[in-house]
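Student: I'd like to ask you about the structure that follows.
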Amino acid sequence: MAMELPVRPRRLRSTAVMRGLVAEYAVRPEQLVLPLFVAEGLAEPRPIGSMPGVVQHTLDSLAEAVAEAAEVGLGGVMLFGVPEQKDARGSGALAEDGILNLGLRRAREAAGDDLLIMSDVCLDEFTDHGHCGVLTPSGLVDNDATVALYAEMAVMHAECGAHVVGPSGMMDGQVGAIRSALDTAGQLDTAILAYGAKYASAFYGPFREAVGSSLTGDRKTYQQDPANLTEALREVRLDVAEGADMIMVKPALGFLDVISAVRDAVDVPVAAYNVSGEYAMVEAAAANGWLDRERAIDETLLSIRRAGAQVVLSYWALEFARRYRRG
Ligand code: PBG
32 MAMELPVRPR
42 RLRSTAVMRG
52 LVAEYAVRPE
62 QLVLPLFVAE
72 GLAEPRPIGS
82 MPGVVQHTLD
92 SLAEAVAEAA
102 EVGLGGVMLF
112 GVPEQKDARG
122 SGALAEDGIL
132 NLGLRRAREA
142 AGDDLLIMSD
152 VCLDEFTDHG
162 HCGVLTPSGL
172 VDNDATVALY
182 AEMAVMHAEC
192 GAHVVGPSGM
202 MDGQVGAIRS
212 ALDTAGQLDT
222 AILAYGAKYA
232 SAFYGPFREA
242 VGSSLTGDRK
252 TYQQDPANLT
262 EALREVRLDV
272 AEGADMIMVK
282 PALGFLDVIS
292 AVRDAVDVPV
302 AAYNVSGEYA
312 MVEAAAANGW
322 LDRERAIDET
332 LLSIRRAGAQ
342 VVLSYWALEF
352 ARRYRRG
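Going by the numbering used here, the sequence shown opens with residue 32, and the numbers climb by one from there.
Structural data, given as structure tokens:
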């Protein structure tokens, strides 16, 4: 006996075509950015143990990966450099032949304007103490001295071919200083993707292996406390006022509420970083046969889009785009 029930939401889920018709959100390759690591002194790409499927690239394999990313229609690549030598001031970051600078040149050569070349503006890969900035004599991270170095780095990245620079160090005033340095250098069209709300997160664990980080201790004096939401809104509003073209929230999955609140608080595009630990969790579970890998990837990316991110940085970007193109 049928119930007298005029409203039946299941009607809209009855067939694949119907579900396709009413789907509210989607993930497209052009909204995705692939993070890439380029390491100095490698003869061939080196696998990263805690991130199965991700490697540290040589300059040659980097160029190939960038060309493929452009071919499948990704929005961009975000480059991180892994130097052989580190020192207290992170000098490798500002060396003409520093690995990130060389990588940016090769990447731009490989892709031209077919996709956006983005660069990580941060010192942690280059410092022997592993902090995102230079230290005062008493060992604290020196905000203003660090910002001056970021500004120089950003100009260098733009000169090496970066379309977008991504300051990720969470120093106060970094966006304004970078904008002003870029403008003074005539790099008016170089955009800033500001890591506005970057939390001190355990989910960066595998990344630290990926870049051979030498950090002991933590980044809690500059990255945000996961307990805070209002503070994130303050940070992103400041970044927009200083000239950020886009704002990033990071990590993504534990911070979907932050993405959504930031989306409402600013009028610039919002990006979210689906970080190394989020990647590793799914890969590890899938390797054990504990979940359906592709469905978990799709659901992850979709949830970040649904929370309000226009742009998603993900280690799955290339694989997702290949699959999307195949239909
Ligand atoms: C710092 C930086 C980090 C990540 C991106 N940029 C590490 C950190 O802040 O400790 C993490 C990315 C990831 O985990 O995938 N330059």
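All residues carry an ideal CB built from backbone N, CA and C; glycine is no exception.
(1) In this structure, what does DSSP give as the bridge partners for tyrosine 304?
(2) May I ask you to report which of helix, strand or coil DSSP gives histidine 194?
(3) Decide if the region 149–165 is in contact with the region 108–115; the criterion is three or more beta carbon pairs, one per stretch, under 8 Å apart.
(4) Out of Arg137, Ala317, Ala302 and Leu349, state which residue places its alpha-carbon closest to the alpha-carbon of isoleucine 92.
(5) Please specify which runs of the beta strand (DSSP E), each continuous and at least 3 residues long, are wholly inside the region 261–301, giving them in chain order.
(6) For alanine 327 and valine 313, which I take to be in contact (beta-carbon distance under 8 Å), what is that distance rounded to the nearest angstrom?
(7) Can you tell me where the alpha helix (DSSP H) holding glycine 207 begins and where it ends?
(8) With a CB to CB cut of under 6 Å and the five nearest residues on each side skipped, what residues in its chain are close to glutamine 87?
(9) Between the Cα of valine 189 and those of Leu133, Glu240 and Gly227, spot the shortest distance and give me the residue it belongs to.
(10) State the start and end residues of the unbroken alpha helix (DSSP H) segment that holds isoleucine 130.
(11) Write down every uninterrupted run of the beta strand (DSSP E) in the region 38–118 whose length is 3 residues or greater and which is fully enclosed by it, in chain order.
(12) What do you reckon, is the C-beta of phenylalanine 286 under 6 Å from a heavy atom of ligand 1?
(13) Just how far apart, CA to CA, sit methionine 277 and valine 267?
(14) I'd like to confirm something about tyrosine 235: is its beta-carbon nearer than 6 Å to some heavy atom of ligand 1, or not?
(15) Measuring CB atoms only, is the region 238–258 touching the region 181–198, in the sense that at least three cross pairs come out at less than 8 Å?
(16) With a CB to CB cut of under 7 Å and the five nearest residues on each side skipped, what residues in its chain are close to leucine 43?
(17) Take alanine 348 and list the residues in its own chain whose beta-carbon comes closer than 7 Å to its own, dropping the five residues that flank it on each side.
(18) On the CB-based measure, 16 or more other CB atoms within 10 Å of its CB, does proline 60 come out buried or exposed?
(19) How would you write the range of the beta strand (DSSP E) that aspartate 151 sits in, first residue to last?
(20) Mapping the DSSP letters down to three states, classify valine 165 as helix, strand or coil.
(21) Which residues in the same chain as leucine 322 place their Cβ atom closer than 8 Å to its Cβ, once the five residues preceding and following it in sequence are excluded?
(22) Quick check on DSSP: helix, strand or coil for alanine 222?
(23) Can the beta-carbon of methionine 279 be found closer than 7 Å to that of tyrosine 226?
(24) Going by C-alpha distance, which of Gly170, Pro257, Leu135 and Gly339 is nearest alanine 233?
(25) Do alanine 311 and proline 237 have their beta-carbon atoms positioned less than 7 Å apart in this structure?
(26) Looking only at C-alpha atoms, which of Met149, Leu287 and Val172 sits nearest to histidine 160?
(27) Does ligand 1 have even one heavy atom less than 6 Å from the beta-carbon of aspartate 155?
Tutor: Taking the definition as stated:
(1) Leu344
(2) coil
(3) yes
(4) For the record, residue 92 in the displayed sequence is serine; it is not isoleucine. Serine 92 has its Cα closest to that of Arg137, out of Arg137, Ala317, Ala302 and Leu349.
(5) 277–281
(6) 5 Å
(7) 205–215
(8) Phe68, Ala70, Arg77 and Val113
(9) Note that residue 189 is alanine in the sequence shown here, rather than valine. The shortest Cα separation from alanine 189 among Leu133, Glu240 and Gly227 belongs to Leu133.
(10) 130–142
(11) 63–70, 86–88 and 107–113
(12) no
(13) 10 Å
(14) yes
(15) no
(16) Met49 and Val53
(17) Leu63, Val64, Leu65 and Leu105
(18) buried
(19) 147–152
(20) coil
(21) Val313 and Ala316
(22) strand
(23) yes
(24) Pro257
(25) yes
(26) Val172
(27) yes
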